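Engineer: In my numbering, the protein residues as written are 830 to 1250.
For glycine and all other residues, C-beta sits at the position ideal for the given N, C-alpha and C.
Keep in mind it's a predicted model, so treat the numbers as computed, not measured.
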Amino acid sequence: MNILIIGGGIGGLTLALKLHASGMECSIRICEAVAGAKPLGVGINMLPHAMRELCGLGLEPALRAVGVEAKEFAYFTHHGQFILSEPCGKSAGYDFPHFSIHRADLHKVLFDAAVERLGAGVISMGHRCKGFEQDANGVTAHFADASGKPLPSQKADIAIACDGLHSAVRKQLYPAEGAPVFHGINMWRGVTRAKPFLTGASITRIGGLFMTGKLLFYPVRNNIDADGNQLINWVVELYSDKYEPADWTRPGDINEVLSQFENWRFDWLDAPAILRNAEFTLKYPMVDRDPIAQWTFGRVTLLGDAAHPMYPRGGNGGAQSILDAEALTRHLLASADPLQALQAYAAERIPVTREIVLQNRTAPPDLIIDTVEKKSKGQRFEKLEDVISEDELHAISKNYQRVAGWDKETVSTKGRWPNQP
Ligand SMILES: Cc1cc2nc3c(=O)[nH]c(=O)nc-3n(C[C@H](O)[C@H](O)[C@H](O)COP(=O)(O)OP(=O)(O)OC[C@H]3O[C@@H](n4cnc5c(N)ncnc54)[C@H](O)[C@@H]3O)c2cc1C
830 MNILIIGGGI
840 GGLTLALKLH
850 ASGMECSIRI
860 CEAVAGAKPL
870 GVGINMLPHA
880 MRELCGLGLE
890 PALRAVGVEA
900 KEFAYFTHHG
910 QFILSEPCGK
920 SAGYDFPHFS
930 IHRADLHKVL
940 FDAAVERLGA
950 GVISMGHRCK
960 GFEQDANGVT
970 AHFADASGKP
980 LPSQKADIAI
990 ACDGLHSAVR
1000 KQLYPAEGAP
1010 VFHGINMWRG
1020 VTRAKPFLTG
1030 ASITRIGGLF
1040 MTGKLLFYPV
1050 RNNIDADGNQ
1060 LINWVVELYS
1070 DKYEPADWTR
1080 PGDINEVLSQ
1090 FENWRFDWLD
1100 APAILRNAEF
1110 TLKYPMVDRD
1120 PIAQWTFGRV
1130 TLLGDAAHPM
1140 YPRGGNGGAQ
1150 SILDAEALTR
1160 HLLASADPLQ
1170 ALQAYAAERI
1180 PVTREIVLQN
1190 RTAPPDLIID
1200 TVEKKSKGQR
1210 FEKLEDVISE
1220 DELHAISKNY
1230 QRVAGWDKET
1240 VSTKGRWPNQ
1250 P
């Protein structure tokens, strides 16, 4: 079977590695729009549900060498008052670690593994998909280079569109869909060299979005210089009506928002200093798309952000594309008819990811802080238990984990892993 993967991002590369590891008799080709592998993006979290799949591919040592093994989720009010610390990954008893990592490092680990295992010739860089057609004999996808010059078309038995938020394949399938949906939240993102704070491996959320705006900090690289600094990833989230088209590489200006956080200096973290000292700032609107009821159209299906773009919250943008890759490989292995496998894959993954898209809009992990800030009317509290019980806080967190599929019962070594492809 010839399998064409359109898009060599997190989902496309993981799919290629999964198919290869499965031992399935197939020939794989990845066509990626970007001409050269560039270090793009900032931080991303790989939680145990995604790590189960990456560990199954033998990538844990490579990820450990470049990322930071996260120890806890820590929540604070905008006054810097402690709300909750929950252990994560192996510290929480999972069978798999949780890595906070620079997206460029994650992408490089996947890219290098794909080149080493499948051969460099499998990946065609600088190939932007412009559309496809299919008939009873196969699917043919059309490509152009960065200047728009047509490149040879690719024929395959099936094509998997892993071409991200602005998927050209999805656009052809849903021509009336339009731009991603913006609900009035903007993000400023960046990385800063700084000394470790809290445990040195804490994913730290400060402030509720609805009242003050929200900050998120976590380290993505350890020991980056002789002074023991880390590379700290940070995100500012604020309500804002101004929509600028979603582009992960769009530069931003932290001075637009810095004054709102000038007083957020705590004895455990000087938040404005980290924002001010950033190596660069990117600006990205919080966008997603309404869930769709059909991903598979004959020989073509969607995967990752092309299928279910979601708010990049709770570590699920990347993780769900990895889980899609696992499910698709499993169904292709199980069925003699690849078209049926594509249908079965979509039937399994559409309801799961639909729930996460909707939950990420209304009840993300930082709902913990919003709830406390609402109950305390944004004021300092004497004792947290006068505002909310610890049980209530853990219940919010558990609910998110269950929907996102990384509760401990779901992510265990029992069942499929490690015998899966
Ligand atoms: C440049 C970039 C930077 C990002 N930075 C971050 C970040 O810092 N933090 C975070 O949480 N998430 C980031 N993301 C998003 C995150 O990678 C995805 O949400 C998630 O990994 C889902 O994976 P995916 O494979 O579906 O999409 P992506 O990882 O976005 O991969 C899609 C791939 O398809 C390629 N592509 C697009 N159009 C075409 C086409 N027409 N033909 C062929 N190839 C095409 C893209 O170049 C890209 O390599 C970034 C995405 C990109 C593209």
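What span of residues does the alpha helix (DSSP H) with Pro1048 cover, start to end?
Structural biologist: Not the alpha helix (DSSP H): Pro1048 falls in the beta strand (DSSP E), residues Lys1043 to Arg1050.
Engineer: Using only CA atoms, which one of Gln1123, Arg1128, Tyr1174 and Leu1187 lies nearest to Met1139?
Structural biologist: With distances taken between Cα atoms, Met1139 lies closest to Leu1187.
Engineer: Just verifying my parser: in three-state terms, what is the DSSP assignment at Arg1245?
Structural biologist: In this predicted model, Arg1245 has a pLDDT of only 48, less than 50, meaning its place in the structure is not dependable; the value taken from the coordinates is given anyway. Correct three-state label for Arg1245: coil.
Engineer: Whose CA, out of Ala862, Ser856, Val1020 and Glu1184, lies closest to the CA of Ile930?
Structural biologist: It is Val1020 whose Cα lies nearest to the Cα of Ile930.
Engineer: DSSP on Met1115, reduced to helix/strand/coil?
Structural biologist: Here Met1115 sits in strand by DSSP.
Engineer: In the DSSP assignment, find the unbroken beta strand (DSSP E) run with Arg1159 in it and report its ends.
Structural biologist: It is not in any beta strand (DSSP E) - Arg1159 instead sits in the alpha helix (DSSP H) that spans Asn1145 to Ala1163.
Engineer: Going straight from the alpha carbon of Ala942 to that of Ile839, what length do you get?
Structural biologist: Cα-Cα distance, rounded: 12 Å.
Engineer: List the endpoints of the continuous beta strand (DSSP E) containing Val968.
Structural biologist: Segment Gly967 to Ala973, the beta strand (DSSP E) holding Val968.
Engineer: Expressed to the nearest angstrom, what Euclidean distance is found between the alpha-carbon atoms of Pro1074 and Pro1120?
Structural biologist: Distance between the alpha carbons of Pro1074 and Pro1120 is about 20 Å.
Engineer: Do the CB positions of Arg957 and Ala1102 come within less than 8 Å of each other?
Structural biologist: No. Outside cutoff.
Engineer: Considering Cα atoms alone, identify which of Ala1023, Thr1033 and Leu1027 is closest to Asp1056.
Structural biologist: Cα-wise, what sits closest to Asp1056 is Ala1023.
Engineer: In chain order, what are the residue ranges of uninterrupted beta strand (DSSP E) at least 3 long that sit wholly in the region 833-870?
Structural biologist: For the region 833-870, whole beta strand (DSSP E) runs of length 3 or above, ordered along the chain, are 856-860.
Engineer: Measure the C-alpha to C-alpha separation of Leu1038 and Glu1066 and round it to an integer number of angstroms.
Structural biologist: The straight-line gap from Cα to Cα measures roughly 7 Å.
Engineer: Indicate whether the contact test is met: 3 or more Cβ pairs, each with one atom in the region 1073-1091 and one in the region 965-980, closer than 8 Å.
Structural biologist: No, they do not touch.
Engineer: For a test of the three-state rule: what should DSSP assign to Thr1200, helix, strand or coil?
Structural biologist: Residue state, collapsed to three classes: helix.
Engineer: Just verifying my parser: in three-state terms, what is the DSSP assignment at Pro1250?
Structural biologist: Unreliable placement is indicated for Pro1250, whose pLDDT of 39 sits below 50; the coordinate value is still reported in the next sentence. If DSSP states are grouped into helix, strand and coil, Pro1250 belongs with coil.
Engineer: Tell me whether Asn1092 sits in a helix, a strand or coil according to DSSP, three-state version.
Structural biologist: Note: Asn1092 maps to coil in three-state DSSP.
Engineer: What is the DSSP secondary structure of Asp991, counted as helix, strand or coil?
Structural biologist: Contrary to the premise, residue 991 reads as Cys rather than Asp in this sequence. DSSP places Cys991 in coil when its eight states are reduced to three.
Engineer: Can we count Gly918 as close to ligand 1, meaning its CB is less than 7 Å from some heavy atom?
Structural biologist: No, the beta carbon of Gly918 sits no closer than 7 Å to any heavy atom of ligand 1.
Engineer: Should Ser982 be listed as close to ligand 1, given that the test is whether its C-beta is under 7 Å from any heavy atom?
Structural biologist: Because no heavy atom of ligand 1 lies under 7 Å away, the Cβ of Ser982 does not count as near it: no.
Engineer: Does the region 1172-1184 touch the region 1112-1131, meaning 3 or more C-beta pairs lie closer than 8 Å?
Structural biologist: Touching, yes, given that three or more Cβ pairs across the two stretches are closer than 8 Å.
Engineer: Between the region 845-857 and the region 1160-1173, are three or more C-beta pairs nearer than 8 Å?
Structural biologist: Segments in contact, yes.
Engineer: In this structure, does DSSP put Arg1183 in helix, strand or coil?
Structural biologist: In the structure shown, Arg1183 sits in a helix (DSSP, three-state: H, G or I).
Engineer: Whose C-alpha, out of Phe1109, Gly1036, Arg1183 and Leu1060, is nearest the C-alpha of Phe1026?
Structural biologist: Among Phe1109, Gly1036, Arg1183 and Leu1060, the Cα nearest to that of Phe1026 is on Leu1060.
Engineer: May I ask you to list the residues that DSSP assigns as paired with Tyr1068?
Structural biologist: Looking at the DSSP assignment, Tyr1068 forms a beta bridge with Ile1014.
Engineer: Taking C-beta to C-beta, are Ile834 and Cys991 nearer than 8 Å?
Structural biologist: Yes, the Cβ-Cβ distance between Ile834 and Cys991 is below 8 Å.
Engineer: How far does the alpha helix (DSSP H) with His1137 in it extend, from its first residue to its last?
Structural biologist: Segment: none, His1137 is in no alpha helix (DSSP H) and carries neither H nor E.
Engineer: How about Pro1080: is its Cβ closer than 7 Å to a heavy atom in ligand 1?
Structural biologist: Flag unset: Cβ of Pro1080 not near ligand 1.
Engineer: My output table needs one value for Ile1225: the three-state DSSP class, helix, strand or coil.
Structural biologist: Helix at Ile1225.
Engineer: Return yes when the C-beta of Cys884 is under 7 Å from any heavy atom of ligand 3, and no when it is not.
Structural biologist: Absence of ligand 3 is noted for the structure shown, with ligand 1 being the only ligands found.
Engineer: For Arg1034, does the three-state DSSP call read helix, strand or coil?
Structural biologist: Residue state, collapsed to three classes: strand.
Engineer: Taking only three categories from DSSP, how would you classify Phe1210?
Structural biologist: In the structure shown, Phe1210 sits in coil (DSSP, three-state: anything other than H, G, I, E or B).
Engineer: Within 8 Å, do at least three Cβ pairs link the region 942-951 to the region 964-971?
Structural biologist: No: fewer than three Cβ pairs fall under 8 Å.
Engineer: Within 10 angstroms of its Cβ, does Met1115 collect 16 or more other Cβ (buried), or is it exposed?
Structural biologist: By the 10 Å Cβ count, Met1115 comes out buried.
Engineer: Quick check: what's the CA-CA separation for Leu1087 versus Val1216?
Structural biologist: Their backbone Cα atoms lie some 29 Å apart in a straight line.
Engineer: Taking C-alpha atoms, which residue in Gly1143, Val895 and Ala1107 lies nearest to Leu1196?
Structural biologist: Nearest of Gly1143, Val895 and Ala1107 to Leu1196, Cα basis: Gly1143.
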